[in-house]
Amino acid sequence: SRAALRPCTCRHLVGRSYSSTESSPESKVAILGAAGGIGQPLALLMKLNPLISSLSLYDIANTPGVAADVSHINSRAQVAGYAGEEQLGEALDGSDIVIIPAGVPRKPGMTRDDLFKINAGIVKSLCTAIAKYCPNALVNMISNPVNSTVPIAAEVFKKAGTFDERKLFGVTTLDVVRAKTFYAGKVKVPVAEVNVPVVGGHAGITILPLFSQAAPKSSNLSDDDIKALTKRTQDGGTEVVEAKAGKGSATLSMAYAGAVFADACLKGLNGVPDIVECSFVQSSITDLPFFASKVRLGKNGVEEVFGLGPLSDYEQQGLESLKPELKASIEKGVEFANQN
Ligand code: NAD
Ligand code: LMR
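Written as structure tokens, this is what we have:
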């Protein structure tokens, strides 16, 4: 049958059925930092996404090889590799979504904020190019520290006159992926059935998983269990950094999470209803200007930012404790963008 001949897709990765064929609308997705630890497996996963017709792989070097390799996969997206700043405009031109995993990763002993010095400048220059070459694209920011790089991007776009708060996302999906995995392991339920909202930001205590809202509900979790699950989710990135012992941070699980989030954005752009993911976005649900919470994705990006819902006392305390750090990280990004 025709169905049997269709290329393998990553539909099963995202757990939502969406019947899509070669007749899906054209969509161009660009990955900036595509030759990196995240970039390469993310390029692979995006090549498997049937909603993408054009996949643009940009890095400062080594993208021709990655692009040639990925391009041989017999799925829909046409792949092109771009290397070096002089090719950035062409790489971005006409993009519907730009995913940014460009920048240095942590080594043991570092915080995400320690990456600010190098990554802030990289993000600023890439966002300047986005404002010029594809000002309407949805931007999925992966580069750390996300709590600061998203505000930097917003400031760059504001200065260029292209800012649309519905189109800028800090990718916090890996926190949700981890919270789901750890919760399912503890409660002993099939992980595919699990959902856990994670709110706040993407660093240490600013990562606030809301296990009181986890589905399916569990009545067997003690307060200590919830504390341990919360801490493991908050320290998930560090767990990987330490296990990799100097060879970088999460790349494979991050590529998976990035692919899940980009797929949700694509579905929203294509008018699929009820697409909800957590993301770090401009927000008025707390007194902070950016905050991660559940958002509904649609044809223009964010259609609705959901409130936090009922919090346990423990989560309420976590929310109050994270605010000063998150506020400072946001301000640091805004200041950097405006003074350089
Ligand atoms: P990596 O060093 O393996 O790859 C980064 C890539 O970025 C390299 O290929 C490098 O050449 C490229 N690059 C550097 N400057 C660039 C520029 N100006 N333009 C385009 N590309 C450029 O690092 P990685 O492991 O892929 O991690 C990338 C970033 O993602 C880090 O900042 C890391 O902290 C972050 N990260 C975020 C999350 C998250 O949950 N949001 C998860 C994991 C990692
Ligand atoms: C993660 O959560 O894995 C990333 O933010 C990378 C890191 O430095 O921990």
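Residue numbers (full-length UniProt numbering): 9 to 348. From the three backbone atoms N, C-alpha and C, an ideal C-beta is built for every residue, glycine too.
For Gln86, the uninterrupted beta strand (DSSP E) segment begins and ends at 86-91. Secondary structure at Asp67: strand, using DSSP grouped into helix, strand and coil. When DSSP states are grouped into helix, strand and coil, Ala345 belongs to the helix group. Within a 10 Å sphere around the beta-carbon of Ala162 sit 16 or more other beta-carbons, which makes this residue buried. Residue state for Cys273 is assigned as helix, using DSSP reduced to three classes.
Inclusion of Ala85 and Met54 in the CB contact set at 9 Å is warranted, their separation being smaller than that value. If you draw a 10 Å sphere on the C-beta of Lys307, you find fewer than 16 other C-beta atoms in it, and that means exposed. Ala99 places its beta carbon less than 9 Å from that of Leu40.
Proximity to Ile60 across Ser35, Ile68, Val289 peaks at Ser35, based on C-alpha coordinates. Beta-bridge analysis with DSSP links Phe219 to no other residue. Within 10 angstroms of the beta-carbon of Ile126 lie fewer than 16 other beta-carbons, which makes it exposed. One alpha carbon belongs to Gln242, the other to Val158, and they sit about 19 Å apart. At the C-beta level, Gly341 and Ser83 stay beyond 9 Å of one another. When secondary structure is reduced to three states using DSSP, Asn155 falls in the helix class. The three-state reading of DSSP puts Met54 in helix, counting H, G and I together. Relative to Gly45, the option among Ala211, Phe344, Val112 whose CA is nearest is Val112. By the Cβ test, the stretch 166-177 is not in contact with the stretch 199-215, since fewer than three Cβ pairs between them sit closer than 8 Å.
Residue pairing by DSSP puts Glu312 in a beta bridge opposite Arg304. Collapsing the DSSP output to three states places Asn148 in a strand. In this structure, Arg120 and Asn148 do not form a Cβ contact; the two beta carbons are roughly 17 Å apart against a cut-off of 8 Å. Judged by the Cβ position, Arg120 qualifies as a neighbour of ligand 2 at the 8 Å threshold, a heavy atom of the ligand being closer than this.
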